[in-house]
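In our numbering, the protein residues as written are 2 to 403. Just so you know, even glycine gets a beta-carbon here, dropped at the ideal spot from N, CA and C. Notes follow once the structure below has been shown.
Right under this line is the structure:
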């Protein structure tokens, strides 16, 4: 008699057997470095902060370990996060944005990925649609589909890479439950303008009225502090639209990606905010994302408002943008994050990235970001590596007749 037993879930097997192009490129770089020396490989694949955490972070860790009872320091906090940490974060948000946030609106998480997955599982139901704008972080699709919903991708505005709002207004449907946006954006580095964001929120409000149900805005904000020009403003989205979640991580601002610490804000102005917050708590419980790392909760509470040395990223951006533009590449100017979005010198971005490997340049093609014909360069690397890589970028351009 045939058995229906399955030893594993097919969809999980497929994910495990299809690693992201970003990770594949990174692992290729490791293999290539072992063959010819790391100094001869120019790996721009991974968005891994290259600037050390502020000295105050290390100071906090050392003092907390030295002065705090070990059982208390490393023990469980409340499932939603330690109240002193949540209160400190709320006070910092209110100081900067006058947003009316309280500790009871904040849920501490293991970084931005946990923030997004917890939020999506809290609000999405089978048959729902979540939307996002191309180009977008590829894991959005994984997170949404794991929550038994479908992802609708709004095509990119290939001129400005602001949100394509005309297309968005055409694609949104009554099945749309949520929209994820990411500014400063990974992979382009573009910061959405306040005008663009206000028009977007106006569309959401109109569609809520038309459809008769809330549409949740999920603001993915790990790069909020990574802006380099004084005139660049990143509005706080709960102040523009009531039904907003903020999914935040300290991975980029404090250079703590391996510590997995962040939070969710459920706007107190959200419809049925307390019930939605309870759903977030239930989602965190079901997914096993309760009690974010205790030590790191204390550390970030002591370092609010601080960042790693962002001037290094700004210097890298300016050097790379200027040089590549001079060599004949079309580069989208990045106001923030630490990525440069560059049009490939042939229609097939994957083929272009393979050609770049001949010059030991490891670049990420744009296809998995939902936009063809571009590449992402992560310039969160040493300035010296960028300097060494420039002749290779020039030779690559010359190979295409530039």
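Residue i versus residue j: straight-line alpha-carbon distance, rounded
i: residue 124; j: residue 178; result: 8 Å
i: residue 292; j: residue 105; result: 15 Å
i: residue 77; j: residue 294; result: 8 Å
i: residue 343; j: residue 161; result: 13 Å
i: residue 222; j: residue 204; result: 21 Å
i: residue 141; j: residue 48; result: 16 Å
i: residue 207; j: residue 173; result: 11 Å
i: residue 297; j: residue 74; result: 10 Å
i: residue 129; j: residue 320; result: 44 Å
i: residue 1; j: residue 62; result: Since the first residue of the chain shown is 2 and the last is 403, residue 1 is not available in this structure.
i: residue 239; j: residue 273; result: 15 Å
i: residue 353; j: residue 202; result: 37 Å
i: residue 96; j: residue 103; result: 12 Å
i: residue 387; j: residue 43; result: 8 Å
i: residue 355; j: residue 183; result: 28 Å
i: residue 242; j: residue 193; result: 15 Å
i: residue 390; j: residue 40; result: 10 Å
i: residue 405; j: residue 28; result: Any answer about residue 405 is impossible in this case: the structure gives the chain only from 2 up to 403.
i: residue 258; j: residue 50; result: 8 Å
i: residue 67; j: residue 212; result: 56 Å
i: residue 91; j: residue 330; result: 43 Å
i: residue 33; j: residue 153; result: 37 Å
i: residue 14; j: residue 60; result: 42 Å
i: residue 5; j: residue 382; result: 50 Å
i: residue 159; j: residue 226; result: 25 Å
i: residue 65; j: residue 220; result: 32 Å
i: residue 168; j: residue 349; result: 24 Å
i: residue 7; j: residue 20; result: 22 Å
Proximity of residue i and residue j at Cβ, strictly below 8 Å
i: residue 264; j: residue 26; result: no
i: residue 281; j: residue 86; result: no
i: residue 16; j: residue 145; result: no
i: residue 318; j: residue 380; result: yes
i: residue 309; j: residue 250; result: no
i: residue 185; j: residue 338; result: yes
i: residue 228; j: residue 333; result: no
i: residue 45; j: residue 378; result: yes
i: residue 307; j: residue 55; result: yes
i: residue 374; j: residue 345; result: yes
i: residue 405; j: residue 372; result: In the structure as shown, the chain begins at 2 and stops at 403. Residue 405 is therefore absent and cannot be evaluated.
i: residue 108; j: residue 283; result: no
i: residue 247; j: residue 277; result: no
Integer Cβ distance of residue i from residue j, believed to fall under 8 Å
i: residue 400; j: residue 89; result: That pair is no contact at about 53 Å.
i: residue 369; j: residue 22; result: 5 Å
i: residue 224; j: residue 253; result: 6 Å
i: residue 313; j: residue 384; result: 7 Å
i: residue 335; j: residue 351; result: Actually they do not touch by this definition, with Cβ atoms about 22 Å apart.
i: residue 189; j: residue 340; result: 7 Å
i: residue 122; j: residue 287; result: 7 Å
i: residue 100; j: residue 322; result: With 8 Å as the limit, residue 100 and residue 322 do not qualify as a contact, their Cβ atoms being about 33 Å apart.
i: residue 131; j: residue 150; result: 5 Å
Any non-hydrogen atom of the ligand COA closer than 7 Å to residue i Cβ
i: residue 161; result: Ligands are entirely absent from the displayed structure, and the ligand COA is therefore not among its contents.
Nearest candidate by alpha-carbon position, reference residue i, set the options
i: residue 98; options: 235, 72, 41; result: 235
i: residue 134; options: 198, 232, 148, 288; result: 198
i: residue 327; options: 51, 403, 71; result: 403
i: residue 262; options: 380, 117, 378, 11; result: 117
i: residue 164; options: 153, 80, 200; result: 200
i: residue 147; options: 323, 12, 350, 329; result: 12
i: residue 58; options: 348, 311, 325, 305; result: 305
i: residue 112; options: 92, 100, 82; result: 82
i: residue 316; options: 267, 230, 277, 247; result: 230
i: residue 418; options: 187, 152, 196; result: In the structure displayed, the chain extends from 2 to 403; residue 418 sits before or after that span and is not available.
i: residue 52; options: 311, 329, 330, 325; result: 311
i: residue 94; options: 376, 232, 268, 382; result: 268
i: residue 358; options: 20, 18, 30, 7; result: 30
i: residue 209; options: 7, 170, 324; result: 170
Short CB-CB distance (under 8 Å) between residue i and chain C
i: residue 391; result: Absent from the structure: chain C. Only one protein chain is present.
(request) Take every Cβ of the stretch 345–364, pair it with every Cβ of the stretch 387–397, and state whether three or more of those distances are shorter than 8 Å. (result) yes
(message) For the pair the stretch 209–216 and the stretch 170–186, tell me if three or more CB-CB distances fall below 8 Å.
(response) Contact holds: three or more Cβ-Cβ distances are below 8 Å.
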